[in-house]
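Q: Before we start, here is the structure in question, set down as structure tokens.
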Amino acid sequence: MSEPTRSASAEAGIDPASADALQIAGMSPLSTCDWPDQLVATLFLQGCPWECTYCHNPGLIDPRTPGEIPWSRVRGLLRRRHGLLDGVVLSGGEPTRQQGLPAAAREIREAGYGVGLHTSGAYPRRLEEMLPLVDWIGFDVKAPAALYRAITGVGAAADAAFTSLRMVLDSGVDVQVRTTVDPTVLSPSDVEELQVTLRRLGVRNHVLQQVRPDGTTPEYRAALAAVRSEG
Ligand code: SF4
């Protein structure tokens, strides 16, 4: 997987490694479901190198789309929400695409909050840098390695994902591994194979999620409806 390209913020003269450079597409100021048992604010970061069949927020994929929410607004939220929030979840898109993520995580911690991260592991080197800075990871595993390309559209995706997963498990950071089961690609035996693989790798917390059609492309919704009507 290639590293992210030069960002618009770098071109605008903002240090791309600063939190101010983050392209934040959206913010949910209060969520009870983005980090189990924690009350959090969630930031949705722009850009993802993959194009999953079932992506229900394809507007987050293009890395050239500018952010909607300046980091100063997040800073304001961090100042106001003491005692009301446990943490902040960095979600996407693929948040590790952005160089400013470690600076953002440091600032969130210094403000007294926990840091959660949603990732699919597309950028192992970036993820490695984040591991000392996060308290919990929601890690998406898409499929058994041989079927990664069919879900993400990217040939090298499985290598990146399983390298990242190994690093997360070795780090000891609290992790929940999640798989959205796409029945247009995965058969029940593919899912079983994945569960066996993950157990062998040492995953203790693996959650299967049903794919949701909302927000997906019309082609995908039609394919999903066809598969579900057969079942
Ligand atoms: S990894 Fe997530 S954000 Fe990226 S394309 Fe897949 S579902 Fe969408």
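Read in my numbering, the sequence shown has 583 at position 190, and its numbers run on one by one without any break.
Note that CB positions come from ideal geometry on N, CA and C, so glycine has one too.
So if DSSP puts L555 in a beta bridge, which residue, or which two residues, is it bridged to?
A: Note on residue identity: the sequence assigns Phe, not Leu, to residue 555. BP columns for F555 are empty, so no partner.
Q: Can you check whether the C-beta of V578 is within less than 7 Å of a C-beta belonging to chain B?
A: Included in the structure is just one protein chain, with no chain B present.
Q: Measuring only the C-alpha atoms, how far is G595 from S411?
A: Looking at the two C-alpha atoms, the distance is approximately 35 Å.
Q: Report the rounded CA-to-CA distance for P517 versus G480, giving the unit in angstroms.
A: The alpha-carbon atoms of P517 and G480 are separated by roughly 24 Å.
Q: Is R605 helix, strand or coil when you go by DSSP?
A: The answer is coil: DSSP assigns R605 none of H, G, I, E or B.
Q: Alpha carbon to alpha carbon, how far is D408 from P495?
A: About 13 Å.
Q: Taking C-alpha atoms, which residue in T446, G440 and D427 lies nearest to T573?
A: The option with the nearest alpha carbon to T573 is T446.
Q: Out of L540, A550 and S484, state which residue places its alpha-carbon closest to the alpha-carbon of W529.
A: Nearest C-alpha to W529: S484.
Q: May I ask you to verify whether the stretch 524-541 touches the stretch 563-577, counting CB pairs closer than 8 Å and requiring at least 3?
A: Verdict: yes, contact present.
Q: Hey, would you say R621 sits closer than 7 Å to H449, going by beta carbons?
A: The answer is no: Cβ separation not under 7 Å.
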